[in-house]
Every structure is written in structure tokens, then in C-alpha cells.
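All the letters of the sequence shown, read from the start, carry residue numbers 122 to 844 under the working numbering.
Take a look at the structure below.
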Amino acid sequence: MRLTLATAVSLALLAVPQAAAGGTVACGSSPADNGTGYRPPSNRSSLPPATAGPAILHAPLASTPQLENAGPWRAEPIMISGARSYRDGEFVYQDFLYDDRALTYPDEPERYAGNAADLVEVRIKPLARSLGIRLTYNSMLDVDAVAATIALGDSNTALELPHGAGAVAPGEVFVTVHGCGGDIVRAADGETLAQRPTVVTDLRRRQIHVEVPYSAFDPRRKRNVRIAAAAGLWDTGTGRYLRPDPQRPAFFNVAFRTPGPWVKNTWMDESQNIALAAGDLSSLYATVDFTKLKVGTDDDLVDQPGGVPSSGPMNRILVSHFEPTQGRGNSAGGGITGDFRCDPPQCTPQFSGRLQPYTVYVPATPRPADGYGFVVNLHGADSNHNHFETGPPNPPLQTWRMFAEQGRPSIMVLPNARGMTYWYHGLAAADVFEVWADIAARYDLAPGYVVQTGSSMGGFGTYKLGVQFPDLYNGIFPNVGINTASLSVPPLVSPAGRGGDAWRMFANLRHVPVLATSGTTDPVVSIQNTSFSMETLDQLGYRYDYWWFGGVDAAGHAEYRHYVPDQFAALMARQGPVDRNPRRVTYVLNAAMHEPQYGIDADHAYWLSGLTLRDEASTFGTIDVVSHGFPTGDSAALGQEQSAGATKAGSLPYERVTRDWGPAPPAEPRNVLDVTATNLSAVTIDVDRARVTCDARVNVKTDGPLKVTLRGDRCNRTVNAEQ
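Shown next, in the form of C-alpha cells:
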């Protein structure tokens, strides 16, 4: 299955229904889309060929009403969280997603979606008669559920925010908006002004358009105007903020923060938490130059504090094709012990919304002429898109930099995968490839230089996606990677079932070298599991480089974590580009991992496609096709090599076992295909890529009826084989 534009549109079957037929539901009139705003970029040359990888990787990038512009708004969103910019006469701040974690939402998902006060963006723009402000939220099911207070201007001291917010902030006036209206309070004495803001709430776009009369606050012609904003829940019965915890301020989310500190699994909310714990928001604000806005100066404040970064680590925003529900889902699936599936509508993932966060590290080193390499880094269980291992001096600036800058300059991404523990199935797998497509559209990549890595559960994902789509990668690096979707040791059947076992598909890694690591005392991913993976690869005669570090828990040893990327860089350096047209293709099809409803169509590899199981209840089908049309034979596996040593600091001993291949021997090309299949009813072979002609002799060994279709520029032939 390949994902056409029409198919992509049909993915909306997983989307949350709109609030009402006909589109916008608003308090007051809501202007129509003015044709500006977010326009998904495209850069097909950065993607692998359409025949490689899942359909979702090649789908046109998605859009969403949240990023549309209406009325006076014109600027494109930044799509990098924690950044601010002057664009098209607007000051734009992009907030972090799912950082509304200061309080616990009431258990009313139909009203709050567990996410109602999650700001996505704040915009400021001087209009003809008023100051325009636009707030965009991640979720909005009920226009009366959420409120926000915007502090405009400065004061000598922090002053009490209105409506029982339970916090203070500097300001001249405080503008509070909720539902269909709002008010303006003079900060100095708490007096409500006669002037009122115009408030238009657009439920479909999850946006609130606010106009503050200049008679209440006029920042025009000023260069340093202080602006702050925070969002919480509104109690319509009392006309005040709802306080889920009376001991804390009412706000879930405070705007105008910058990235950091980069700590493990951060939601970039530390400065927010500190401010709210103190009840004082004075430290979180933006300073806006209205003279720039007046003349329409465009300034991304590149690499300035709070500006748009050009390199290094950053949290980006993805527009997904899927939205099972708004906000946070019910998380009815997923877990360490084997319940790895989360299929809507019974299960909606932890982070279900259309907008999804991910991390990218862009190297500061110059881009190679043919494009950056690409490193897909998958997080472990109970982690997120800011997952990294602890240890000095600063993991994002050391480990991530090693991934990105040692060897070929590469862009590293770390998807959120829809939640903490979904084992890279379903929407979690789709998220990985949507992130890949998003980066490919924004940066020039060399699609033949892609390495996938991950730790623990991320190591499983490295195996899983590697065996599903082997023609995407020129190497994989499972770091303490488990080979089953649960904590078990093969060949025992895991709690996840046979379909959750990646090791049963290791034959697919014929052309994908594996670098693997383990710690002998790791309490989660046992040395027995990782060693079984290498034994399986060894029995197949495949290439691997296996390091295990004695006496350490590999999940927490800083020296070990910082040593491993050196070996990763070496793997990157010695591998050439992906060979998408090899002489021999082996593929194990797994029905449990073939999920076309999410664009994860794992039924093709290299020059084979249309693989179809004869008996789906048996879960697996296998095919091996050798094309004799190449002038070489199969490379022979060299002898196993063993060595031992210690890390650079000398304190961490390791043992190492490797196996490589020798050069491919020459062979006389012949117009012959040898096909061996088990539990498959159909396969299609691209004869042009397999270097044979349409009239090639096809030798078939099969355990049942098998339809072999030969396709090419001038070929459409069927061979029906029996047992």
C-alpha cells in the first residue's frame, strides 16, 4: 500500500469530529481563513525513494486549523518551542506542547481533554484602534472551560493577578479573557476599567482573538513593552479561576519561557514550576519592540536568547495526520510488561492531539554537499522526546553532539512516539516517520545515510523498525536494546505474543550492519536478551559489532553512555550509502506489525512488494529471493573476532565480539530468479531493480500456492507456483 493524497485525507477517520457541521463555532463572528499562515513545506529529494519505507513517510505533510490565520493575522508559526520572532508585523511566541503540568485537571475529559490550558502560541499585533492578541491552544472542547490573563506593561513591584488567580506579576493592566468575554483590570489598584476587550473564540481553530482598546493600554511607538501571559481553568459558576489545588496558583501554563534546562525527560517546565511554586510570575515575560511591528520588520532573533535557534538541540512541533482525540488520551494500552498496543477508539494515547512535540539536534558543522546524514534516536520506556542518559558534563551537548557531529554531519531526531511506553507500534511508529518526513521537508538530507538508534525500549524500536523497513538504513545501533515487546528472554514467547518479537524477523537485516551494546548487570534489559540477539545474527551469518560492559548497569553509567557514541560515529564513518538494490532479499512478514491504517505498511522491502500472508493466523510469512542478474555472488561471512579493553578513562572494562563480511565474489550474470517462500500467497518483483528481464526463469520453492508477479517498465507477467 502506498499513501496517495486521497489516502492521506482519509486518515481523518482517526481524527476527532469537528464541534459542529459547517466548521467554526465562535463567540461572536469568526473571520474566514485569509489564506496565510502555515503551509506545509516539501523537499522530496531529502526522502528515500517512494518504494522504501512506510507509506506515512511519503505522505504530504499534514496541516491543521490551529495553524490557520483569520482576520488581521498573517505570520507563519515558528514551529520551534520556546522561540519568539517578529514576522509580518506580528510578535510571535511559540510555546511548548503538553507542558501544562503544574496542576492536575479535573476528571472531565469531555470538557478539559486533560489539556485545556495548554498554550501553543501567543501573538501580539498593533491594529488600527486596538492592540491585537491571539492565543492558540492545543485543545479546546468547551469555550467556557479555559481562561487566560495577559499582563501588559510594567510596574515597580509584582501585583496581584485578578479573579482569584493566586499569583502576582508586574503590569500596568491585566486583561483576562474567557469564553465569550473578559475584562481589563488596572494593576495598581485592582479596579476594573470601563473599557472591555473584544473577545472572539474560534472553537474549530482553538484560537482566541482579543482586541484591547488603546484607551486602556497603548504600547505604540514604544521599544520595550513588557508582556506576560498565563492560562488556567474558568469556573463559570463563580466567575473566577478554578483552583484544583487551593494551595497553588490557578495557572497550568505560563508563556514566554526559553528552552532549558536540558534535564532528562524534561517538558521544559522547570522555570514555570519555580515561578508557580512561588506564586510570582515576574521572571516569565517577553519584551516587545512596537517600533519593529509598526514598520513590519522581520527578525527571527536568530541564535539570540529567546530567538529562533539555527543549530543545537531544539523542541520542534509536528503536525500529525492523526488525532484520535484532543489533548491527553485515556492511555488504556501501553506498558513495560507487554501490553504494547494502543489502538483507537478503545485506547487513545497519552498525547493524542494533532500537534506533537519532538526534539532535533542540528549540527553546527557545515552541511555536506549532498546533504546531512540522519540519525533517528528512539526513547526508552517511561520517557519522552527529551530522553537522554544522565551523566556529566551535559548530555545533550555531548552525547547528542556526538551523534550529530562525529563522522558525517548528521541531524538527530528524538520523536515523542505519542507517549512513554508504546513500543513503537501503531501511532507510536507512525509518529517516528511523520517526524522523519517533517525534518526531510525542512533540511537537506542525504537519504542514503540513515542510522537508527535507541536505548532499552528504544533499542527494541530500533530492531523493530529496522526489520520492518531494512532498505531505509545503512546501520542500526540498539543500545541495551531488548528484542521483544516486553521484558523477557527468547526463545520463550513473551507476554506481548509472538507478533511482538522483533528477533523473529532478524533475517530482514541481511544488508543492515548492527552495532549493539549491553551492561552485564542491567536490571531491566538482561545480558541474556541482548546476547541472544547477537547469537541469532551470528547464526544467520550477518554483520554485527557487540560490546558488553562488565559489572555495570548500562542504564546509568555516565562513562559508558559517553563512550558508546564514539563507536556509533565509527559505524557511521565506515558504512557507505544504503544499497536499495541488493542481489538477494530476505524478508519475514509479520501480520502484527503490518498496520496500514496508520500508514505503516510493512509488506515490502528493496525490490519486493505486495507480500501477502496465506494464513494470517500463523502471523509470519518468509521469502528469500536471489537474483542471478548481478555480476557478483553473496559475500561470505568472515570469522568471528573477539577482543577486550576499557573505555578512554580506563575505569570501565568491556568485551567485544564482531563478525564482518568479505568482498562479494564475481559471478556470471544469468537471467534467473530463485524464490523460496513460506506462508505467502503473493509477491511482486521489480525485474528492473533485480537486473533480470521479464522472461527470466523463475525457480520457486513454496509450501503452498504462491502468485509471483514480475513488474517493470516493460513487464507485467504472472507466475503461479504450487507446493
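Where a beta carbon is used, it is the ideal one built from N, C-alpha and C, also for glycine.
Beta bridge counterpart(s) of residue i as assigned by DSSP
| i | result |
| --- | --- |
| residue 158 | 189 |
| residue 575 | 499, 599 |
| residue 376 | Looking at the DSSP assignment, residue 376 forms no beta bridge with any residue, so it has no partner. |
| residue 741 | 711 |
| residue 299 | 268, 302 |
| residue 212 | 207, 245 |
| residue 330 | 255, 321 |
| residue 531 | 494 |
| residue 836 | 833 |
| residue 670 | 640, 775 |
| residue 828 | 803, 841 |
| residue 346 | 409 |
Terminal residues of the alpha helix (DSSP H) in which residue i lies
| i | result |
| --- | --- |
| residue 392 | 391 to 399 |
| residue 555 | 547 to 563 |
| residue 178 | 176 to 179 |
| residue 650 | 648 to 661 |
| residue 230 | 230 to 233 |
| residue 416 | 411 to 416 |
| residue 810 | 808 to 811 |
Inter-residue spacing [alpha-carbon to alpha-carbon] between residue i and residue j
| i | j | result |
| --- | --- | --- |
| residue 159 | residue 188 | 6 Å |
| residue 74 | residue 789 | A query on residue 74 cannot be resolved here, the shown segment of the chain reaching from 122 to 844 and no further. |
| residue 390 | residue 324 | 26 Å |
| residue 842 | residue 721 | 29 Å |
| residue 146 | residue 351 | Confidence in residue 146 is poor, its pLDDT being 39 and thus under 50, which makes the residue's placement too unreliable to answer from. |
| residue 457 | residue 544 | 9 Å |
| residue 144 | residue 376 | Note that residue 144 scores a pLDDT of 37, beneath 50, so its modelled location is shaky and nothing firm can be said. |
| residue 668 | residue 166 | 36 Å |
| residue 149 | residue 576 | A caution first: residue 149 carries a pLDDT of 41, below 50, which makes its placement in the model too unreliable to give a value. |
| residue 142 | residue 306 | With a pLDDT of only 32 at residue 142, under 50, the local geometry of the prediction cannot be trusted, and the value read off the model is given with reservation. If I take the Cα positions, the gap works out to 37 Å. |
| residue 313 | residue 368 | 26 Å |
| residue 264 | residue 238 | 11 Å |
| residue 326 | residue 177 | 25 Å |
| residue 278 | residue 370 | 18 Å |
| residue 787 | residue 164 | 38 Å |
| residue 286 | residue 666 | 58 Å |
| residue 345 | residue 553 | 41 Å |
| residue 596 | residue 493 | 16 Å |
| residue 826 | residue 470 | 40 Å |
| residue 618 | residue 610 | 13 Å |
| residue 776 | residue 755 | 29 Å |
| residue 697 | residue 705 | 18 Å |
| residue 533 | residue 308 | 46 Å |
| residue 243 | residue 273 | 13 Å |
| residue 718 | residue 733 | 16 Å |
| residue 586 | residue 504 | 19 Å |
| residue 818 | residue 745 | 16 Å |
Status (buried if at least 16 other CB within 10 Å, exposed otherwise) for residue i
| i | result |
| --- | --- |
| residue 649 | exposed |
| residue 301 | exposed |
| residue 560 | buried |
| residue 676 | Residue placement at residue 676 is flagged as unreliable, the pLDDT there being 49, under the threshold of 50; the coordinate-derived value follows with that caveat. Buried. |
| residue 762 | exposed |
| residue 558 | buried |
| residue 538 | buried |
| residue 625 | buried |
| residue 854 | Residue numbering for the chain in the displayed model covers 122 to 844; residue 854 lies beyond these limits and cannot be assessed. |
When the options are compared against residue i, the one with the closest alpha-carbon
| i | options | result |
| --- | --- | --- |
| residue 170 | 825, 810, 842, 830 | 810 |
| residue 846 | 813, 546, 764, 240 | Because the chain here runs from 122 to 844, residue 846 falls outside it and cannot be looked at. |
| residue 757 | 418, 662, 567 | 662 |
| residue 783 | 802, 759, 777, 765 | 759 |
| residue 202 | 715, 388, 582, 611 | 388 |
| residue 445 | 472, 703, 599, 421 | 472 |
| residue 480 | 436, 627, 610, 157 | 436 |
| residue 713 | 736, 251, 564, 572 | 736 |
| residue 800 | 708, 426, 383 | 708 |
Enclosing beta strand (DSSP E) for residue i [first to last residue]
| i | result |
| --- | --- |
| residue 796 | 793 to 799 |
| residue 436 | 433 to 440 |
| residue 822 | 818 to 823 |
| residue 481 | 476 to 483 |
| residue 633 | From DSSP, residue 633 is part of no beta strand (DSSP E); its letter is neither H nor E. |
| residue 731 | 729 to 734 |
| residue 762 | 762 to 767 |
beta-carbon residue i near the ligand GTP non-hydrogen atom, thresh 6 Å
| i | result |
| --- | --- |
| residue 282 | Judged by which ligands are present, the structure shown has none, so any question about the ligand GTP falls away. |
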